[in-house]
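Okay, structure first, notes after.
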Ligand code: IVH
């Protein structure tokens with residue numbers, strides 16, 4: 049009997065299957081549950097183990113092996129794919145009326161008097177894709193194209209780790225077309241553009257362009273280097289399985305079989321329910337890790353969807369409720385500079401007024417001199433302006449075809465436009481600065497004061513831009529210490545200041561005297577010392593005097609503090625005027641609880657809390673501050689590592705997630721109880 053020396057040992061076969069399943073499970077945890085289960089290094093180790101095994105036994109390689117995601121030779125061109133069921137578009141609505149009318153048409157179509165049940169989801173700003181799985185294996189991926197015919201991008205889609213190569217289920221359907229959106233997360237987009245910039249390559253205008261550019265690559269190795277994501281929202285052909293009865297159930301099913309679906313989806317009744325969802329998402333839009341351009345409403349019951357049918361190329365059962373456009377085109381009339389609290393000069397485009405995302409914009413930041421050069425923005429150019437959430441509007445790019453012959457490039461001034469001190473720009477920095485410091489430069493005084501009173505610093509309510517402007521211009525206030533000497537009469541004499549509001553400002557200033565060391569340090573506005581560094585400094589030194597005496601080595605002992613930060617702190621404290629300011633603030637009554645906080649008991653040490661919903665008495669910030677003060681940590685999202693979810697009214701997806709993961713949920717009273725125990729043990 050011939051001896052087959054190349055036969056695969058059964059344990060290698062088993063080992064490969066085990067590794068594949070394990071890697072797929074971690075991918076699922078990471079991309080679908082948003083809850084990483086192992087560190088990256090451990091993932092890489094498993095991956096390499098599988099690679100080694102497959103190299104030794106190439107006959108073990110299967111098409112769904114995670115090692116088969118990368119690479120593939122470049123294609124000469126994309127093959128055309130005819131969709132088995134057309135990929136439709138969707139009608140848009142913009143106003144409340146549009147939504148009310150949509151709901152009315154749906155009820156008329158269904159001959160219903162009662163409220164219709166909808167499923168609300170997000171309108172992802174990426175590109176539509178059809179994923180075909182046969183017997184559980186990913187066999188083809190195609191772009192939408194014209195809706196009837198798209199491009200075969202299977203090789204590229206296989207590199208997207210968020211998309212499973214095999215469905216996680218026992219009896220997969222013979223054929224299923226899963227539809228959804230490929231997109232790039234904001235963080236990955238920023239990292240990609242930073243890389244492009246370093247490599248001297250073209251940057252992408254927005255995450256959608258970056259996602260499209262990354263997917264429509266003839267060389268899949270390039271796609272493999274880009275972090276793409278996917279969220280499912282629909283279905284095409286389905287053979288060999290029963291279609292779920294509702295859209296919500298379809299999405300739940302997807303999540304179960306390993307297909308990523310966004311957590312932000314909700315059932316709603318009638319037009320009121322739809323509008324509530326729209327407003328809620330509008331408020332949270334900026335915090336989402338990816339871009340959306342609206343929300344989508346779909347009649348939930350599949351039978352009702354079928355009853356409603358289609359008009360031309362869009363279903364009657366669905367509507368996209370779009371957010372007002374966040375990008376608009378306008379003309380740069382001039383480029384000025386703004387002087388910030390550290391003297392940093394920011395070039396600002398003065399624009400012909402334009403409506404962006406529902407707000408009139410006349411100024412947009414150009415960030416710094418190098419950005420202006422890189423984007424080649426000139427005075428007279430027609431530009432694209434973007435405004436996202438509550439961030440400052442920015443100039444994205446100019447339209448080359450519309451550049452006038454007399455366009456003029458921007459020149460950084462040699463002297464500060466506010467105080468005429470020379471402008472300096474250290475060779476290794478991107479930022480040019482006014483050398484006047486706050487003593488000479490009123491713009492820096494204003495910026496410094498606004499930072500000092502800001503919510504996360506000393507939190508003086510009611511002391512805004514216009515008041516600070518007047519206080520500085522009339523030399524009523526020079527340093528932050530002067531604020532605590534302000535009298536009612538000097539305040540009430542300012543423009544637009546009634547006695548009552550002057551009284552309120554004085555009260556707010558007085559109230560701010562009682563603060564925390566961390567807030568105080570942050571309020572000083574030391575360059576490179578942000579909120580979290582200030583907290584670390586406060587935690588480490590426990591008191592301001594210890595910080596004042598610290599040398600470089602001691603500063604470097606603080607978590608978060610590296611050489612640049614340490615040098616900046618030393619430089620700040622070496623200036624006698626800054627030390628004097630700290631003394632005066634204390635002399636004027638600014639105080640906090642001192643004592644090496646390290647030494648204090650920390651009953652919440654080692655516990656991680658997540659906050660959600662509206663708490664009855666504490667604001668989110670207050671709750672976070674109290675938890676951190678007691679040694680606990682506050683995280684932004686629920687994971688297995690969360691110790692407690694503190695839930696208030698209108699808690700949303702975090703609550704659901706905590707329940708799924710078995711994370712204990714407590715209310716504010718229970719939190720206060722835990723904090724109260726802190727107080728007692730301190731006494
Ligand atoms: S449903 C039958 N749902 O918007 C309706 N589309 O014009 C088919 N999109 O190109 C589309 N998020 O790529 C649907 N949650 C969502 C969506 C969504 C984004 C895109 C989709 C399509 C366009 C619809």
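Residue numbers (the working numbering): 49 to 731. A virtual CB, placed ideally from N, CA and C, is assigned to each residue, including glycine. Just so we're clear, the structure is a prediction, and the values are computed from it rather than from any experiment.
Classification of residue i by the beta-carbon crowding that lies within 10 angstroms, buried from 16 upward
{"i": "residue 127", "result": "exposed"}
{"i": "residue 732", "result": "Nothing about residue 732 can be reported from this structure: the residues present for the chain run from 49 to 731 only."}
{"i": "residue 587", "result": "buried"}
{"i": "residue 236", "result": "buried"}
{"i": "residue 283", "result": "buried"}
{"i": "residue 646", "result": "Low per-residue confidence applies at residue 646: pLDDT is 47, beneath 50, and the placement is therefore not dependable enough to give any value."}
{"i": "residue 499", "result": "buried"}
{"i": "residue 80", "result": "buried"}
{"i": "residue 87", "result": "exposed"}
{"i": "residue 514", "result": "exposed"}
{"i": "residue 440", "result": "exposed"}
{"i": "residue 353", "result": "buried"}
{"i": "residue 601", "result": "exposed"}
{"i": "residue 544", "result": "exposed"}
{"i": "residue 724", "result": "exposed"}
{"i": "residue 374", "result": "buried"}
{"i": "residue 712", "result": "exposed"}
{"i": "residue 705", "result": "buried"}
{"i": "residue 186", "result": "buried"}
Closest by C-alpha distance to residue i, when choosing among the options
{"i": "residue 469", "options": "387, 164, 194 and 79", "result": "387"}
{"i": "residue 96", "options": "397, 85, 64 and 78", "result": "64"}
{"i": "residue 188", "options": "174, 211 and 167", "result": "211"}
{"i": "residue 591", "options": "577, 674 and 568", "result": "568"}
{"i": "residue 204", "options": "277, 165 and 256", "result": "277"}
{"i": "residue 358", "options": "425, 138, 441 and 397", "result": "138"}
{"i": "residue 391", "options": "487, 542 and 331", "result": "487"}
{"i": "residue 571", "options": "145, 496 and 173", "result": "496"}
{"i": "residue 350", "options": "485, 340 and 296", "result": "296"}
{"i": "residue 421", "options": "398, 666, 407 and 456", "result": "456"}
{"i": "residue 230", "options": "267, 546 and 175", "result": "175"}
{"i": "residue 291", "options": "209, 222, 322 and 200", "result": "222"}
{"i": "residue 220", "options": "250, 181 and 251", "result": "181"}
Any non-hydrogen atom of the ligand IVH within 7 Å of residue i CB
{"i": "residue 372", "result": "no"}
{"i": "residue 170", "result": "yes"}
{"i": "residue 281", "result": "yes"}
{"i": "residue 17", "result": "What the structure shows of the chain is the stretch from 49 to 731, and residue 17 is not part of that stretch, so it cannot be assessed."}
{"i": "residue 344", "result": "yes"}
{"i": "residue 360", "result": "no"}
{"i": "residue 136", "result": "yes"}
{"i": "residue 505", "result": "no"}
{"i": "residue 199", "result": "no"}
{"i": "residue 192", "result": "yes"}
{"i": "residue 462", "result": "no"}
{"i": "residue 229", "result": "yes"}
{"i": "residue 303", "result": "no"}
{"i": "residue 176", "result": "yes"}
Expected contact under 8 Å - CB spacing of residue i and residue j to nearest Å
{"i": "residue 213", "j": "residue 361", "result": "Contact flag wrong, Cβ pair sits at about 32 Å."}
{"i": "residue 260", "j": "residue 227", "result": "Not confirmed; about 17 Å, so no contact."}
{"i": "residue 680", "j": "residue 657", "result": "6 Å"}
{"i": "residue 347", "j": "residue 365", "result": "4 Å"}
{"i": "residue 430", "j": "residue 402", "result": "Contact flag wrong, Cβ pair sits at about 11 Å."}
{"i": "residue 444", "j": "residue 404", "result": "11 Å between Cβ atoms; not a contact."}
{"i": "residue 606", "j": "residue 584", "result": "5 Å"}
{"i": "residue 581", "j": "residue 613", "result": "6 Å"}
{"i": "residue 70", "j": "residue 94", "result": "6 Å"}
{"i": "residue 148", "j": "residue 164", "result": "Contact flag wrong, Cβ pair sits at about 12 Å."}
{"i": "residue 529", "j": "residue 636", "result": "6 Å"}
Closer than 7 Å: residue i CB and nearest the ligand NAD heavy atom
{"i": "residue 368", "result": "Summarising the ligand content, the structure contains the ligand IVH and does not contain the ligand NAD."}
>> Extract the residue ranges of the alpha helix (DSSP H) inside the segment 150–184, only unbroken runs of 4 or more that lie entirely within it.
In response: Fully enclosed alpha helix (DSSP H) runs of 4 or longer: not present.
>> At 3 residues or longer, what runs of the beta strand (DSSP E) sit wholly inside the segment 328–393?
In response: With a minimum length of 3 residues, the continuous beta strand (DSSP E) runs that stay inside the segment 328–393 are 340–347, 366–370 and 375–387.
>> Which complete alpha helix (DSSP H) runs does the segment 277–312 hold, if anything under 4 residues is left out?
In response: For the segment 277–312, whole alpha helix (DSSP H) runs of length 4 or above, ordered along the chain, are 295–304.
> Which runs of the beta strand (DSSP E) spanning at least 3 residues fall entirely within the segment 649–701, listed in chain order?
Replying inline: If we require 3 residues or more, the beta strand (DSSP E) runs fully inside the segment 649–701 come out as 656–660, 681–683 and 692–695.
> Which whole runs of the alpha helix (DSSP H) in the segment 88–158 are 4 residues long or more, in chain order?
Replying inline: Contiguous alpha helix (DSSP H) elements confined to the segment 88–158 occur at 88–104 and 144–158, taking only those with 4 or more residues.
>> Could you tell me which whole alpha helix (DSSP H) segments of length 4 or greater appear in the segment 574–650?
In response: The segment 574–650 contains these whole alpha helix (DSSP H) runs: 579–589, 592–597, 600–604, 611–622 and 624–635.
>> Runs of 3 residues minimum, wholly inside the segment 215–262: which ones carry the beta strand (DSSP E) assignment?
In response: For the beta strand (DSSP E) assignment, the uninterrupted runs of no fewer than 3 residues enclosed by the segment 215–262 are, from N- to C-terminal side, 223–231.
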